[in-house]
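Below is one structure; the comments refer to it alone.
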Amino acid sequence: MVLSKPYWAINQKIMSNYIHILINNNFHHPNFGKLLYHRDIHNPNILHYSVQLNDWKSIAWQAIHSDRQKDTGRLAIWQIDWHRFHTAQWISYWEKQRINQALHTSVADFHERWQYELYRFNCEHWARLFS
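Given below as C-alpha cells:
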C-alpha cells in the first residue's frame, strides 16, 4: 500500500482535527479558556501549564520527546486531575471568543511546527499567550 502523505503527516492532520473539534465542542463550558497549572510528579519544582477546555480536559503545548529540553512542540490533550491541577488566580483573561480564536490559530501555527525550548519558549509561554 502506498500512501500519498507520510504516516506522521496523516496522524498530525487527524490530531489537529480532533483538537479543533474539542475546542469547538467546549466553547460554552463556563471554565473554557482558564489557565491551569500543576507540579511535575517527578520534580515538584517544575510547573506545567495548560488551558482548560472543560471539567476533565485541558490543552497544552509540550515537547514531542519529554526527555529533551529543546524539541519540536506539539499540542496535547491532558486529563485534569483536580488533586494536582489548579486554576491560576493572578491573571486577567481575554473574552472567550478571542481565546477560542487564539486556540484554533495555535493548532495551525504551533502543533508540530514550533520549536519548544525549556528555558525559552515552553508550555507556560504558550498557555499564557492563548488564555
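When we follow the working numbering, the leftmost residue of the sequence shown carries the number 1, and every step to the right adds one.
C-beta atoms are modelled at their ideal positions from N, C-alpha and C, and glycine is treated no differently.
Exercise. CB residue 79 to CB residue 56, shorter than 8 angstroms?
Worked result: Remark: C-beta atoms of residue 79 and residue 56 approach each other more closely than 8 angstroms.
Problem set entry | Contact belief for residue 59 with residue 77 at Cβ below 8 angstroms, rounded distance in angstroms | 6 angstroms
Exercise. Hey, which unbroken runs of the beta strand (DSSP E) at 3 residues or more fall wholly within the stretch 40-103?
Worked result: Taking 3 residues as the shortest admissible run, the stretch 40-103 contains the following complete beta strand (DSSP E) segments, listed from N- to C-terminal end: 47-52, 57-63 and 70-79.
Problem set entry | Boundaries of the alpha helix (DSSP H) in which residue 28 is found, first to last residue | Counting along the chain, residue 28 falls outside any alpha helix (DSSP H), and DSSP gives it neither H nor E.
Exercise. Among residues of its own chain, excluding the 5 on either side of residue 51, which ones have a beta-carbon nearer than 8 angstroms to its beta-carbon?
Worked result: 33, 34, 35, 36, 58, 59, 60, 99, 103, 127, 130 and 131
For this session: Report the rounded CA-to-CA distance for residue 41 versus residue 88, giving the unit in angstroms.
Result: 19 angstroms
Problem set entry | Residue of 85, 26, 92 and 38 minimising C-alpha distance to residue 101 | 26
For this session: Please report how far the alpha carbon of residue 15 lies from the alpha carbon of residue 108, in whole angstroms.
Result: 11 angstroms
Exercise. Quick one: what's residue 37 bridged to in DSSP?
Worked result: Bridge partners of residue 37: 49 and 86.
For this session: Identify which residue in 53, 44 and 39 has its Cα closest to the Cα of residue 24.
Result: 53
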